[in-house]
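Taking this note's numbering, I'd label the letters of the sequence shown as residues 13 to 318.
The C-beta atom is built at its ideal place from N, Cα and C for all residues, glycine as well.
Working notes for the structure below.
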Amino acid sequence: MPDLKVKLGPLELKNPVMTASGTFGYGSEYEEFFAPSLLGAVVVKGVAAKPVHGNPTPRVAEVTSGMINAIGLQGPGVDKFLHDEHYMPYLKRSHSTVIVNIWGKSVDEYRYVAERLDAESDGIAALEINVSCPNVKEGGISFSSDTTAMGKVVAAVRSATKLPLITKLSPNVKSMPDFAKAAADNGSDIVSMINTIPAMAIDIETRRPKIANVTGGLSGPAVKPVAVKMVYETAKAVNIPIIGMGGIFSGEDAVEFLLAGASAVAVGTAIFSDPMSPIKVLHGIEEYLSRHHYASVNDIIGKVLV
């Protein structure tokens, strides 16, 4: 069988498949389908300094080749996440590799959440900084659109934790490599990409937007070619590992990202239509490697022929 282990800087994973933040809850929601520990990592929903109720409903709309969402980063807050049985205690018991996605409305809030998680980091493998969610009216969007502002967030989190650090980048910028370089220069060990693309859908019978927030983030197969291009361009520009995501529904989709230069992949929107999709993606990668007689998944990372 091919070796599926991957090393992303200081982060080592048993295989290259993880969940995208916001699409897999906190793991326990899907335990009836498969054990979260089977994946390379579980990336939990965004954790902030305080509980967040999120945006009004409806929050999700299906569109051609994807979906638009404006959840608004609903979450329990860092205290409840660390101590409530449904969250981090469950993940520890499940023996999953846990990556905690964090966000805030100021640099100080990012730093505070990182400090709290670092102080009680047992069971946490890494932190992922969300600076790119386009459906939040405050905080994230301003950090994601300016390299200096984003760099301050990354540096603040870096100063607050010894955990491996991932910066999740927004596609809504002129040059993704520039933002990846800024993340690396300020202490990020890894970058993940891409987050959703701003979008809107209208119900023509009611003449109203299909989601209450009016606009939201587009994800799913529609964004995959954009994501693959951005991973490819960024992999040529930086020396830190990349986690690729955006419309991955199959092992073949995942292999595209790996060939483009990603060292691991995250499955997101596919989970809403098929909760088993992360496992199917993992098996698909394994089948591809066996069919092409590769001994290790590392043999195909960045090996697109151009």
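Tell me, to the nearest whole angstrom, how far the beta carbon of residue i is from that of residue j; I am working on the premise that it is less than 8 Å.
i    : j    : result
I319 : M257 : Residue 319 lies beyond the residue range present for the chain, which begins at 13 and ends at 318; the question has no answer from this structure.
A126 : V169 : 4 Å
V277 : I255 : 7 Å
K64  : S33  : Here residue 64 is Val; the residue named in the question, Lys, does not match the sequence. About 14 Å; that fails the 8 Å criterion.
G39  : Y102 : 7 Å
S262 : I313 : At roughly 18 Å, the Cβ-Cβ gap does not stay under 8 Å, so S262 and I313 are not in contact.
P22  : D201 : 6 Å
I223 : P70  : 5 Å
Quick check: residue i and residue j, are their CB atoms within less than 9 Å of each other?
i    : j    : result
V72  : L51  : no
T35  : V279 : yes
A195 : T208 : no
A137 : V110 : yes
L270 : V309 : yes
S133 : K174 : yes
A211 : G229 : yes
S231 : V185 : no
A193 : V250 : In the sequence under discussion, the amino acid at residue 193 is Lys, which differs from the Ala named in the question. Going by C-beta atoms, K193 is nearer than 9 Å to V250.
S289 : I283 : yes
A60  : G37  : no
E140 : P189 : no
A370 : Y124 : Because the chain here runs from 13 to 318, residue 370 falls outside it and cannot be looked at.
V75  : W115 : no
K236 : G273 : no
N27  : L294 : yes
P287 : F45  : yes
Quick one: is residue i buried, meaning 16 or more other Cβ sit within 10 Å of its Cβ, or exposed?
i    : result
G152 : Bear in mind that the predicted position of G152 carries a pLDDT of just 45, short of 50, making it unreliable; the figure below should be weighed with that in mind. Flag for G152 reads buried.
P146 : With a pLDDT of only 37 at P146, under 50, the local geometry of the prediction cannot be trusted, and no value is derived from it.
V18  : buried
T281 : buried
D265 : buried
E268 : buried
M13  : exposed
K328 : Residue 328 falls outside the range modelled here, since the chain spans only 13 to 318, and no answer is possible.
I83  : buried
S187 : exposed
E150 : Its pLDDT being 46, under 50, E150 is placed unreliably by the model, and the measurement read from it follows with that caveat. Answer is exposed; the Cβ neighbour count stays below 16.
L317 : exposed
P253 : buried
T31  : buried
S302 : exposed
A53  : buried
R128 : buried
S285 : exposed
*asked:* Three or more C-beta pairs under 8 Å: does that hold for the region 102-109 against the region 65-85?
replied: With the cut-off at 8 Å, the region 102-109 and the region 65-85 do not touch.
_In chain order, what are the residue ranges of uninterrupted beta strand (DSSP E) at least 3 long that sit wholly in the region 224-287?_
Counting whole runs of 3 or more residues, the region 224-287 contains the beta strand (DSSP E) stretches 227-231, 254-257, 276-279.
*Taking the runs of the alpha helix (DSSP H) that are 4 residues or longer, which of them lie wholly in the region 83-119?*
Listed in chain order, they are 90-95, 100-105.
*Within the region 153-177, note down every full alpha helix (DSSP H) run reaching 4 residues or more, in order along the chain.*
159-172, all fully within the region 153-177.
*Would you list, in sequence order, the uninterrupted alpha helix (DSSP H) runs of no fewer than 4 residues that lie entirely inside the region 41-70?*
Qualifying alpha helix (DSSP H) stretches: none in this window.
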